[in-house]
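Peer 1:
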Amino acid sequence: MIGCQKNQTTKSNENTNIINIKPGGVPVIAKTKAEFKKSSYFKEDRVKDDKYDVMQNGNEVSYNELLLYYDYNISKRHELLPYTLFMIEKHKKYNYCTNAFVNLYEFYSDQDIHYCDGTDASYIQYFKKINTLEPRVRNYCLSFIELGSKNEDTLSLKFLEIFYRYGFGFNKDIQKADSLKLAYQKKSEIDFNKYKKN
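Just so you know, we're using the working numbering here: the sequence shown kicks off at 25 and counts up by one.
(1) Can Tyr107 and Leu128 be called in contact, C-beta distance under 8 angstroms?
(2) From this set, Ile198, Asp197, Thr122 and Lys55, which residue's C-alpha is nearest Phe168's C-alpha?
(3) Check the C-beta distance from Tyr208 over to Glu185 and give it rounded, since I have them as a contact under 8 angstroms.
(4) Helix, strand or coil for Thr56? Go by DSSP, reduced to three states.
(5) With a CB to CB cut of under 6 angstroms and the five nearest residues on each side skipped, what residues in its chain are close to Asn83?
(6) Which two residues bound the contiguous alpha helix (DSSP H) that contains Leu104?
(7) In three-state DSSP terms, what is Lys196?
(8) Just to confirm the assignment, what range does the alpha helix (DSSP H) spanning Leu91 have?
(9) List the endpoints of the continuous alpha helix (DSSP H) containing Asp77.
(10) Short of 7 angstroms in beta carbon distance, which residues of its chain neighbour Met111, apart from the five on each side in sequence? Order them along the chain.
(11) Out of Tyr188, Phe216, Glu213 and Tyr164, which has the shortest C-alpha to C-alpha gap to Ser203?
(12) Among residues of its own chain, excluding the 5 on either side of Phe131, which ones have a beta-carbon nearer than 8 angstroms to its beta-carbon?
(13) Let me know the secondary structure DSSP gives Lys182 once reduced to three states.
(14) Comparing C-alpha positions only, which one of Phe125, Glu59, Asn97 and Lys153 sits nearest to Leu109?
(15) When you compare the CB positions of Leu157 and Ser180, do they come within less than 8 angstroms of one another, or not?
(16) Ignore the nearest five residues each way along the sequence and tell me which others in Ser173's own chain have a CB closer than 7 angstroms to its CB.
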């Protein structure tokens with residue numbers, strides 16, 4: 025949060041945020057990826073604190089900061105998977121099941137979800153390689169989407185609908201895909217209304 029104070033921080037006093045304050049209290053936000061990466065936002069202590077908070081407390085803010093950190097440090101992206109598993113398996117936060125699927129799928133298929141724009145067409149391109157994975161690996165990846173779907177995770181419902189509609193990882197089943205699409209639309213509406221109230 026930006027305030028009028030010159031030394032305002034977003035998380036705690038020991039961590040400096042990505043905003044530098046010029047004399048006179050004017051905030052300056054890093055404009056390039058390189059500037060952002062050099063900022064104190066990604067100090068090692070902050071990342072370690074986030075990792076600890078995820079492991080011990082299932083802290084969603086800390087997890088999302090790790091997600092941001094690893095998005096900017098793509099060569100280390102594989103390090104996020106254990107923290108995703110902590111969120112799901114230890115802390116029962118099933119809204120991260122799609123993250124586990126994506127982490128594993130990208131590791132095994134060499135695909136990159138950053139090319140998906142949220143449309144079915146982009147997901148279809150992204151998911152095409154799933155049938156080429158070794159069955160044991162494919163089933164492990166898909167188990168997270170099934171777990172998320174059983175626990176009404178919105179994006180898991182969407183992914184599973186696409187899988188059944190196009191026969192990715194499962195036998196093609198249009199009736200099941202249509203049912204999942206309705207469940208996804210209903211859950212999306214509930215989520216949207218909840219978001220609007222806040």
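Backbone N, C-alpha and C define an ideal beta-carbon position, used for all residues, glycine too.
Peer 2: A quick look at the data gives this:
(1) Counted from its first residue, the sequence shown places residue 107 at position 83. Counted from its first residue, the sequence shown places residue 128 at position 104. Cβ atoms of Tyr107 and Leu128: not closer than 8 angstroms.
(2) Taking the sequence shown and counting its residues from 1, one reaches residue 168 at position 144. Considering only alpha carbons, the answer is Thr122.
(3) Taking the first residue of the sequence shown as position 1, residue 208 is located at position 184. Taking the first residue of the sequence shown as position 1, residue 185 is located at position 161. Indeed they touch by this definition, with Cβ atoms about 6 angstroms apart.
(4) Here residue 56 corresponds to residue number 32 of the sequence shown, with the count starting at 1. Reduced to three states, the DSSP call for Thr56 is coil.
(5) Position 59 of the sequence shown, counted from the first residue, corresponds to residue 83. Excluding positions up to five away in sequence, the list reads Asp77.
(6) Walking along the sequence shown from the start, residue 104 turns up at place 80. First-last for Leu104: undefined, no H or E at that position.
(7) By one-based count along the sequence shown, residue 196 stands at place 172. Three-state result, Lys196: coil.
(8) On the sequence shown, position 67 is the one that residue 91 refers to. Glu84 to Tyr96 is the extent of the alpha helix (DSSP H) around Leu91.
(9) Mapped onto the sequence shown, residue 77 falls at position 53. From DSSP, the alpha helix (DSSP H) with Asp77 extends over Glu68 to Asn81.
(10) Sequence index remark: in the sequence shown, residue 111 carries index 87 (1-based). Cβ neighbours of Met111 beyond the five flanking positions: Val78, Gly82, Tyr87, Lys117 and Tyr120.
(11) Residue mapping note: residue 203 aligns to position 179 of the sequence shown, counting from 1. Taking only the C-alpha atoms, the option nearest Ser203 is Tyr188.
(12) For the purposes of this step, residue 131 is taken as the residue at position 107 of the sequence shown. Excluding positions up to five away in sequence, the list reads His102 and Leu105.
(13) Here residue 182 corresponds to residue number 158 of the sequence shown, with the count starting at 1. Here Lys182 carries a helix assignment [DSSP, helix/strand/coil].
(14) Within the sequence shown, numbered from 1, the residue matching residue 109 stands at position 85. Looking at the Cα atoms, Phe125 is the closest of the given residues.
(15) As a first step, residue 157 must be located in the sequence shown, where it is residue number 133. As a first step, residue 180 must be located in the sequence shown, where it is residue number 156. No, these two residues do not count as a Cβ contact at 8 angstroms.
(16) The count along the sequence shown starts at 1 and reaches residue 173 at position 149. Ser180, Leu181 and Leu184, listed in sequence order.
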